[in-house]
Amino acid sequence: MTNHAMRFLVCSDSHGAKERIASLLKRNEGFADGIFFLGDGLSDILAVYTEYPSFSYFLIHGNCDSSYVCKLTGAQEEQSLTFCQKHILLTHGHLFSVKHGESSLLEHASALRADIVLYGHTHQPCSKRFSFSEQRQLIVGNPGSIGDRFNPSFGVLTLSDSHVFFDLYDWTP
(Lines of atoms letter the chains of each structure in order from A and count residues from 1; the text may use other names and numbers.)
(Lines give C-alpha, C1' and ligand atoms only; values in the text may rest on other atoms or scores of the structure.)
Protein backbone atom coordinates (compact mmCIF):
# COMPACT_ATOMS: atom_id res chain seq x y z
CA MET A 1 0.00 0.00 0.00
CA THR A 2 1.39 3.36 -0.98
CA ASN A 3 1.01 6.48 1.11
CA HIS A 4 0.82 8.85 -1.86
CA ALA A 5 -0.44 12.31 -0.90
CA MET A 6 -3.30 13.89 -2.80
CA ARG A 7 -3.92 17.64 -2.84
CA PHE A 8 -7.13 19.46 -3.60
CA LEU A 9 -7.65 23.18 -3.95
CA VAL A 10 -10.74 24.22 -2.00
CA CYS A 11 -12.54 27.43 -2.82
CA SER A 12 -15.95 28.95 -2.53
CA ASP A 13 -17.96 32.09 -3.04
CA SER A 14 -16.15 33.58 -6.03
CA HIS A 15 -19.18 35.74 -6.89
CA GLY A 16 -17.85 36.80 -10.31
CA ALA A 17 -14.10 36.62 -9.62
CA LYS A 18 -13.38 34.07 -12.35
CA GLU A 19 -9.91 35.56 -12.95
CA ARG A 20 -8.96 34.59 -9.38
CA ILE A 21 -10.02 31.01 -9.95
CA ALA A 22 -8.11 30.94 -13.24
CA SER A 23 -5.02 32.32 -11.49
CA LEU A 24 -5.32 29.75 -8.71
CA LEU A 25 -5.62 26.90 -11.19
CA LYS A 26 -2.73 28.16 -13.31
CA ARG A 27 -0.43 28.48 -10.28
CA ASN A 28 -1.27 24.99 -9.05
CA GLU A 29 -1.03 22.93 -12.23
CA GLY A 30 1.05 19.88 -11.40
CA PHE A 31 0.67 20.50 -7.64
CA ALA A 32 -3.01 19.79 -7.02
CA ASP A 33 -4.98 16.77 -8.18
CA GLY A 34 -8.29 18.58 -8.27
CA ILE A 35 -10.50 21.34 -6.99
CA PHE A 36 -13.46 21.28 -4.63
CA PHE A 37 -15.62 24.29 -5.44
CA LEU A 38 -18.20 24.80 -2.70
CA GLY A 39 -20.70 27.04 -4.46
CA ASP A 40 -21.73 30.61 -5.22
CA GLY A 41 -19.79 31.14 -8.42
CA LEU A 42 -20.33 28.07 -10.59
CA SER A 43 -20.48 30.31 -13.66
CA ASP A 44 -16.90 31.38 -12.82
CA ILE A 45 -15.72 27.75 -12.85
CA LEU A 46 -17.68 27.13 -16.04
CA ALA A 47 -15.89 30.05 -17.71
CA VAL A 48 -12.35 28.74 -16.99
CA TYR A 49 -12.36 24.97 -16.46
CA THR A 50 -11.66 24.01 -20.09
CA GLU A 51 -8.35 25.89 -19.89
CA TYR A 52 -7.20 23.56 -17.07
CA PRO A 53 -8.11 20.00 -18.06
CA SER A 54 -5.51 18.40 -15.77
CA PHE A 55 -7.70 19.04 -12.71
CA SER A 56 -10.57 16.93 -11.48
CA TYR A 57 -13.53 19.17 -10.63
CA PHE A 58 -15.96 18.50 -7.78
CA LEU A 59 -18.69 21.11 -7.81
CA ILE A 60 -21.31 22.05 -5.23
CA HIS A 61 -24.00 24.60 -5.90
CA GLY A 62 -24.72 27.39 -3.49
CA ASN A 63 -27.73 29.55 -2.80
CA CYS A 64 -26.61 32.19 -5.36
CA ASP A 65 -26.00 29.77 -8.26
CA SER A 66 -28.64 29.68 -10.98
CA SER A 67 -30.47 26.44 -11.66
CA TYR A 68 -29.34 26.74 -15.31
CA VAL A 69 -25.64 26.75 -14.38
CA CYS A 70 -26.22 23.98 -11.84
CA LYS A 71 -27.72 21.87 -14.62
CA LEU A 72 -24.84 22.67 -17.02
CA THR A 73 -22.17 21.76 -14.46
CA GLY A 74 -23.95 18.86 -12.81
CA ALA A 75 -23.28 20.48 -9.45
CA GLN A 76 -24.99 18.92 -6.45
CA GLU A 77 -26.21 20.33 -3.13
CA GLU A 78 -23.95 17.89 -1.32
CA GLN A 79 -21.36 15.36 -2.34
CA SER A 80 -19.69 12.50 -0.48
CA LEU A 81 -16.32 11.34 -1.75
CA THR A 82 -13.61 8.96 -0.58
CA PHE A 83 -9.92 9.55 -1.19
CA CYS A 84 -7.02 7.95 0.70
CA GLN A 85 -9.55 6.05 2.83
CA LYS A 86 -11.03 9.34 4.08
CA HIS A 87 -14.74 10.08 3.73
CA ILE A 88 -15.19 13.71 2.62
CA LEU A 89 -18.46 15.62 2.72
CA LEU A 90 -18.78 18.71 0.51
CA THR A 91 -21.60 21.22 0.88
CA HIS A 92 -22.19 24.94 0.51
CA GLY A 93 -23.60 25.23 4.01
CA HIS A 94 -26.75 27.27 3.51
CA LEU A 95 -28.96 24.18 3.94
CA PHE A 96 -27.45 23.74 7.41
CA SER A 97 -27.78 27.42 8.43
CA VAL A 98 -24.02 27.67 9.03
CA LYS A 99 -24.23 31.45 9.39
CA HIS A 100 -25.94 30.70 12.71
CA GLY A 101 -23.49 28.00 13.83
CA GLU A 102 -22.11 24.66 12.71
CA SER A 103 -24.09 22.32 14.98
CA SER A 104 -26.54 21.13 12.30
CA LEU A 105 -23.72 20.56 9.82
CA LEU A 106 -21.61 18.71 12.40
CA GLU A 107 -24.54 16.44 13.30
CA HIS A 108 -25.10 15.65 9.62
CA ALA A 109 -21.40 14.97 8.99
CA SER A 110 -21.22 12.76 12.07
CA ALA A 111 -24.32 10.80 11.00
CA LEU A 112 -22.66 10.17 7.63
CA ARG A 113 -19.45 9.09 9.41
CA ALA A 114 -17.48 11.74 7.52
CA ASP A 115 -13.81 12.25 8.36
CA ILE A 116 -13.76 15.68 6.69
CA VAL A 117 -16.50 18.23 6.03
CA LEU A 118 -15.86 21.25 3.81
CA TYR A 119 -18.33 24.09 3.39
CA GLY A 120 -18.56 27.73 2.28
CA HIS A 121 -21.36 30.31 2.50
CA THR A 122 -20.11 32.29 5.54
CA HIS A 123 -17.06 33.80 3.77
CA GLN A 124 -15.18 33.12 7.04
CA PRO A 125 -12.16 30.83 6.66
CA CYS A 126 -11.68 28.19 9.34
CA SER A 127 -9.87 24.93 9.95
CA LYS A 128 -10.83 22.86 12.99
CA ARG A 129 -10.42 19.35 14.37
CA PHE A 130 -12.98 17.68 16.58
CA SER A 131 -12.07 14.46 18.39
CA PHE A 132 -14.87 12.01 19.13
CA SER A 133 -12.44 9.34 20.31
CA GLU A 134 -8.81 8.36 19.82
CA GLN A 135 -9.82 6.64 16.59
CA ARG A 136 -12.36 9.13 15.30
CA GLN A 137 -11.76 12.75 14.36
CA LEU A 138 -13.67 15.19 12.18
CA ILE A 139 -11.81 17.85 10.22
CA VAL A 140 -14.02 20.88 9.49
CA GLY A 141 -12.91 23.44 6.94
CA ASN A 142 -14.20 26.55 5.26
CA PRO A 143 -11.94 28.17 2.65
CA GLY A 144 -13.57 31.58 3.07
CA SER A 145 -14.37 33.51 -0.09
CA ILE A 146 -11.98 33.71 -3.03
CA GLY A 147 -14.18 36.52 -4.31
CA ASP A 148 -14.02 38.61 -1.13
CA ARG A 149 -13.17 42.25 -1.85
CA PHE A 150 -10.81 42.71 1.12
CA ASN A 151 -9.62 39.27 2.30
CA PRO A 152 -9.91 36.68 -0.47
CA SER A 153 -8.86 33.21 0.63
CA PHE A 154 -8.82 29.54 -0.34
CA GLY A 155 -7.78 26.24 1.18
CA VAL A 156 -5.67 23.23 0.31
CA LEU A 157 -6.69 19.78 1.51
CA THR A 158 -3.76 17.36 1.64
CA LEU A 159 -4.58 13.70 2.19
CA SER A 160 -2.66 10.50 2.61
CA ASP A 161 -3.63 7.20 4.20
CA SER A 162 -2.20 8.43 7.51
CA HIS A 163 -2.59 12.25 7.49
CA VAL A 164 -5.12 14.98 6.74
CA PHE A 165 -4.26 18.67 6.59
CA PHE A 166 -6.54 21.55 5.69
CA ASP A 167 -4.48 24.71 5.28
CA LEU A 168 -5.82 28.19 4.61
CA TYR A 169 -4.16 30.77 2.36
CA ASP A 170 -4.77 34.37 1.39
CA TRP A 171 -5.28 34.74 -2.32
CA THR A 172 -2.84 37.21 -3.83
CA PRO A 173 -2.67 38.49 -7.41
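All you need for this note's numbering is the position in the sequence shown, starting with 1, plus 11. All C-beta atoms in this analysis are idealised placements derived from N, C-alpha and C, irrespective of residue type, glycine included. This structure is a prediction, so every number in the text was calculated from the model and none was measured.
Give the secondary structure of residue i by DSSP, where H, G and I count as helix, E and B as strand, and everything else as coil.
| i | result |
| --- | --- |
| H105 | helix |
| Y63 | coil |
| T183 | coil |
| H111 | helix |
| L100 | strand |
| L36 | helix |
| L70 | strand |
| C22 | strand |
| D55 | helix |
| T84 | helix |
Just to confirm before moving on: does the CB-CB distance between residue i and residue j stay below 7 Å?
| i | j | result |
| --- | --- | --- |
| F42 | F69 | no |
| T169 | R18 | yes |
| A120 | V128 | yes |
| S25 | I150 | no |
| L57 | T84 | yes |
| I71 | H103 | yes |
| C75 | F165 | no |
| V167 | D159 | no |
| A86 | L49 | no |
| S142 | Q148 | yes |
| D55 | I32 | yes |
| S65 | E40 | yes |
| A28 | S171 | no |
| S77 | G45 | no |
By a C-beta neighbour count over all protein chains shown, 10 Å radius and 16 as the cutoff for buried, is residue i buried or exposed?
| i | result |
| --- | --- |
| H132 | buried |
| H111 | exposed |
| N153 | buried |
| G73 | buried |
| F161 | exposed |
| A125 | buried |
| Y130 | buried |
Please name the residue or residues paired with residue i in a DSSP beta bridge.
| i | result |
| --- | --- |
| A89 | Rather than Ala, the amino acid found at residue 89 in this sequence is Glu. Answer by DSSP bridge pairing, in chain order: T102. |
| F176 | T169 |
| G45 | F19 and S67 |
Of all the beta strand (DSSP E) runs that stay within the bounds of the region 114 to 171, which reach a length of 3 or more residues?
If we require 3 residues or more, the beta strand (DSSP E) runs fully inside the region 114 to 171 come out as 127 to 129, 137 to 142, 148 to 153 and 164 to 170.
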